[in-house]
Structures are given as C-alpha cells and as structure tokens.
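A.B. asks:
Numbering (the numbering used here), first residue to last: 120 to 501.
(1) What's the gap between the Cα of residue 446 and the Cα of residue 144?
(2) So, at 6 angstroms on beta carbons, what are the nonlocal neighbours of residue 217 in its own chain, with the 5 sequence-adjacent residues on each side left out?
(3) How about residue 353 and residue 471: are their beta carbons less than 8 angstroms apart?
(4) Tell me, please, whether the CB atom of residue 477 is closer than 8 angstroms to any CB atom in chain C?
(5) Check whether the Cβ atoms of residue 387 and residue 431 sit closer than 8 angstroms, and answer yes or no.
(6) State the DSSP-derived secondary structure class of residue 166, mapped to helix, strand or coil.
(7) Just mark residue 365 as buried or exposed, buried being the case when its beta carbon has 16 or more other beta carbons within 10 Å.
(8) Quick check: the Cα distance between residue 157 and residue 146, rounded to an integer number of angstroms?
(9) Given residue 417, which residues of its chain have a CB within under 6 angstroms of its CB, disregarding the five upstream and five downstream residues?
(10) Taking all protein chains shown into account, decide if residue 381 is buried (16 or more other Cβ within 10 angstroms of its Cβ) or exposed.
(11) Report all residues from its chain with a CB closer than 7 angstroms to the CB of residue 94; omit the five preceding and five following residues, and keep chain order.
(12) Within 10 Å of its beta-carbon, does residue 149 have 16 or more other beta-carbons around it, so buried, or fewer, so exposed?
(13) Please specify which runs of the beta strand (DSSP E), each continuous and at least 3 residues long, are wholly inside the region 255–341, giving them in chain order.
(14) Taking the alpha-carbon positions, what's the residue 215 to residue 192 distance?
(15) Let me confirm a value: residue 241 is counted as buried when at least 16 other C-beta atoms fall within 10 Å, else exposed. Which label applies?
(16) With distance defined between alpha-carbon atoms, name the residue in 305, 385, 361, 396 nearest to residue 503.
(17) To the nearest angstrom, how far is it from the Cα of residue 162 to the Cα of residue 325?
(18) Throw me the rounded Cβ distance for the residue 355 and residue 452 pair, which I believe falls under 8 angstroms.
(19) If you measure between the beta carbons of residue 268 and residue 372, is that distance less than 8 angstroms?
(20) Locate the alpha helix (DSSP H) running through residue 385, then write down its first and last residues.
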C-alpha cells in the first residue's frame with residue numbers, strides 16, 4: 120500500500136528542500152519503506168543561450184557556434200568503417216563524462232576566425248580560441264515540472280510495511296507539522312491510498328448507519344414488532360464480534376474492504392435470525408409453550424441456518440487465502456465474513472432463542488377462547 124506527500128509552491132528550491140525533510144522524517148518512522156523524493160532538479164536538460172552581440176564582436180556566426188556545440192555534445196559523422204558487408208559511422212564527440220559536466224562544457228574552446236586571431240606560430244594564421252562561457256550562458260532546467268490544480272508540486276512517495284496506513288500517516292502528520300517549516304504560500308497535501316481511505320471513510324460514515332437502519336427496518340416489516348425486530352437485530356453485534364476476532368487473529372488492520380465485509384455479514388446474520396425467530400413465533404402461535412417452541416424451533420431450523428452460513432463462508436475461503444493481485448482487498452473482506460458467520464451461527468442458535476424466551480412477544484389464543492382477546496394480539500412473554 121502506498122501513500123504520497125505532495126508539497127505545493129512556486130519555487131522548486133523550497134519545495135525540494137521541504138520534500139527532503141519530509142522524506143527524512145518518513146524514513147525514521149516504523150512501517151514506512153521505499154521512501155523517495157520525485158526528481159525535480161539535476162541535469163535533465165541544459166539550455167545554452169548564445170550571446171549574439173558577443174559572437175558578432177569576435178567575428179563569429181551563429182552557425183559556427185552551434186556547429187561547435189553540436190559536435191561536442193551531439194557528435195558529428197567523420198567517416199565510415201567497413202567490416203565485410205557492414206558499415207559503421209565514425210562519430211566525433213566529447214566523452215560522456217565531459218558531456219555531463221557543465222563546467223567542462225563552459226570551458227569548451229571555440230576557435231576564432233583568422234581575422235580575429237594573432238598567429239600562434241610563424242607562418243601560421245589563427246590558432247586562437249575562447250572558452251564557450253564567454254560566448255554563451257548556461258542554464259540548468261528542472262528534471263520535470265509537475266503540476267496539480269494549476270500549481271507546481273514535488274511528491275514524496277512511501278510504501279507501508281507491516282503497519283496500517285491510518286496510524287502511520289497520523290504519526291507522520293504530527294512529526295511533519297512540528298518539524299517542517301515551509302515558506303508562506305507553500306502547503307502539504309496527503310494523497311495516494313491514504314487519500315482514497317479518507318474519501319471512503321467519509322462515505323462509510325453515511326453508508327454504514329444507513330445500511331444498519333435498513334437491516335433493522337426489514338425484519339421490523341416482516342415481524343410487525345419492534346421488540347422482536349430488535350431481538351433479530353441482536354445477531355448483528357454477534358456477527359461483528361467474530362469478524363473483529365478474525366481480523367485480530369490474522370493480524371489484519373481494519374480497511375474499507377473489511378467494512379464492506381461487515382455490512383454483508385450483518386445481512387446474512389439477520390437473515391438467519393429472522394428464519395429462526397419466525398419459526399419460533401409460528402410454533403407459539405399454534406399453542407406451543409415458550410420453552411417447547413424455543414427448543415423445537417432451534418432444532419428444526421439448525422440445518423437451514425448452518426447451511427446458509429456454510430454456503431457463504433465456504434465461498435469466501437479462496438479469497439481469504441489469496442496471495443496474488445488484489446489479495447489486499449479480498450483477504451480482509453473474506454476474513455470478516457468467515458469469522459463473523461462462525462460466531463453469528465453459534466450465537467444465533469444459542470443466544471437468540473434465549474433472548475426471545477426472555478423478551479419476546481407471545482401470540483394470544485385464537486378468537487372464541489375464554490380470554491376473549493382480539494385475535495393476533497401479542498402479549499409480553501412471562
């Protein structure tokens with residue numbers, strides 16, 4: 120998992136310096152690996168701007184100057200070498216070590232025309248030269264100019280190793296805020312997977328409560344009783360307990376995919392609870408006593424509940440054991456679902472019938488009985 124720290128500003132100097140300080144802080148943190156700063160300076164390109172007035176004063180032409188620079192840096196063909204039916208160009212140019220040295224290029228001799236040079240030897244004209252620095256100016260450009268939202272930026276990249284990204288970034292933010300001082304108008308933004316995590320967390324703050332509300336409304340509409348719906352909904356914390364325990368046993372941090380797994384797990388847990396409780400209510404409505412209905416309902420619905428849980432759990436086993444591409448998303452989701460279904464199935468068959476026996480509503484006797492109560496009316500269980 121990777122996250123980035125983006126430094127925004129106007130000048131590359133302060134931006135690069137701030138990015139290097141941030142990179143140093145990240146390297147000292149436990150869990151941050153492969154920290155590197157985006158290359159923005161160095162010798163990616165060299166601009167040589169010829170002084171036209173100076174070359175005119177010395178009797179040189181622009182073509183002469185460019186010819187010297189082009190030959191020294193780019194090279195010029197000086198002949199051919201034949202080897203059998205193959206031929207190779209002979210190129211004259213400076214050595215690689217010199218072409219990459221700006222100071223050496225500044226001292227590159229440029230020959231002057233005979234009219235401008237004094238004879239160096241009797242009977243010889245010319246032979247005089249001037250260094251290239253006197254005829255042109257040298258400017259080193261940045262490696263690349265990266266922009267985002269219309270502003271220049273330098274990026275620090277780091278990978279997360281053996282730690283959750285949330286706690287690592289929180290620690291890094293505290294250190295950077297205390298130790299890194301940027302000029303006015305410069306700012307730091309966090310991106311990469313952490314930016315995605317932040318956006319997903321904000322969405323989950325709305326989605327998760329909405330899903331749990333819908334999960335509660337559905338059994339409420341099926342059972343017609345808020346008290347019985349709450350009893351069925353008690354399967355959700357039972358399932359969440361197993362999911363959290365499974366993440367802890369496998370040493371996995373909470374993630375967005377784990378949150379999605381908790382939502383799906385809650386739906387399956389409520390479905391099993393609804394199947395069991397609805398059958399118990401039907402048995403009570405047929406005149407069976409609460410203890411008998413609870414015991415008979417749990418035994419009768421044991422197989423459907425276990426089969427429903429097994430189908431979902433076994434289907435997620437390959438995802439829980441995945442190691443290839445996408446495993447960081449599949450494994451937390453599958454781990455939550457499998458662990459939660461184990462706890463939800465056991466607790467649904469044991470705890471939910473006990474909760475109904477204690478807090479559930481008992482169907483009244485049919486119409487015409489001695490009590491004279493309205494058919495379908497529900498009474499609290501004693």
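The C-beta atom is built at its ideal place from N, Cα and C for all residues, glycine as well.
Given the structure is predicted, the values throughout are model-derived calculations rather than measurements.
C.D. replies: According to the structure shown:
(1) As a working mapping, residue 446 is identified with position 327 in the chain shown. As a working mapping, residue 144 is identified with position 25 in the chain shown. If you take the alpha carbons of residue 446 and residue 144, they lie about 30 angstroms apart.
(2) Within the chain shown, residue 217 is the residue found at index 98, counting from 1. Residues 223 of the same chain have their beta carbon placed closer than 6 angstroms to that of residue 217, with the five preceding and five following residues left out of the count.
(3) If you number the chain shown from 1, residue 353 lands on position 234. If you number the chain shown from 1, residue 471 lands on position 352. Note that the C-beta distance between residue 353 and residue 471 is below 8 angstroms.
(4) This model lacks chain C altogether; it includes just one protein chain.
(5) Numbered from its first residue, the chain shown carries residue 387 at position 268. Numbered from its first residue, the chain shown carries residue 431 at position 312. In contact: residue 387 and residue 431 (Cβ atoms closer than 8 angstroms).
(6) Stepping through the chain shown from its first residue, residue 166 is reached at position 47. DSSP places residue 166 within a strand segment (E or B) once states are collapsed to three.
(7) Mapped onto the chain shown, residue 365 falls at position 246. With 16 or more other Cβ atoms within 10 Å, it is buried.
(8) Numbered from its first residue, the chain shown carries residue 157 at position 38. Numbered from its first residue, the chain shown carries residue 146 at position 27. CA-to-CA, the gap between residue 157 and residue 146 works out to about 15 angstroms.
(9) Here residue 417 refers to the residue found at position 298 when the chain shown is read from its first residue. Within the same chain, residue 417 has close Cβ partners 468, 472.
(10) One-based indexing of the chain shown puts residue 381 at position 262. Under this definition residue 381 is a buried residue.
(11) Look at the range of the chain in this structure, 120 to 501, and you will see that residue 94 is not part of it.
(12) Walking along the chain shown from the start, residue 149 turns up at place 30. Exposed.
(13) As far as the region 255–341 is concerned, its whole beta strand (DSSP E) runs of at least 3 residues are 255–260, 270–279, 306–311.
(14) Along the chain shown, one-based indexing puts residue 215 at 96. Along the chain shown, one-based indexing puts residue 192 at 73. Distance from the CA atom of residue 215 to the CA atom of residue 192, rounded to whole angstroms, is 9 angstroms.
(15) By 1-based counting over the chain shown, the position of residue 241 is 122. Annotation note: pLDDT 44 at residue 241 (below 50); position unreliable, coordinate value reported separately. That one is exposed.
(16) Only positions 120 to 501 of the chain appear in this structure, which leaves residue 503 out of reach.
(17) The residue given as residue 162 occupies position 43 in the chain shown. The residue given as residue 325 occupies position 206 in the chain shown. In this prediction, residue 162 scores a pLDDT of 49, lower than 50, which makes its location untrustworthy; the coordinate-derived value is nonetheless stated afterwards. Distance between the alpha carbons of residue 162 and residue 325: 50 angstroms.
(18) For the purposes of this step, residue 355 is identified with residue 236 of the chain shown, where counting begins at 1. For the purposes of this step, residue 452 is identified with residue 333 of the chain shown, where counting begins at 1. In this structure, residue 355 and residue 452 do not form a Cβ contact; the two beta carbons are roughly 17 angstroms apart against a cut-off of 8 angstroms.
(19) In the chain shown, residue 268 corresponds to position 149, counting from 1. In the chain shown, residue 372 corresponds to position 253, counting from 1. No, these two residues do not count as a Cβ contact at 8 angstroms.
(20) Translated into the one-based positions of the chain shown, residue 385 becomes position 266. Here the alpha helix (DSSP H) through residue 385 covers 375–404.
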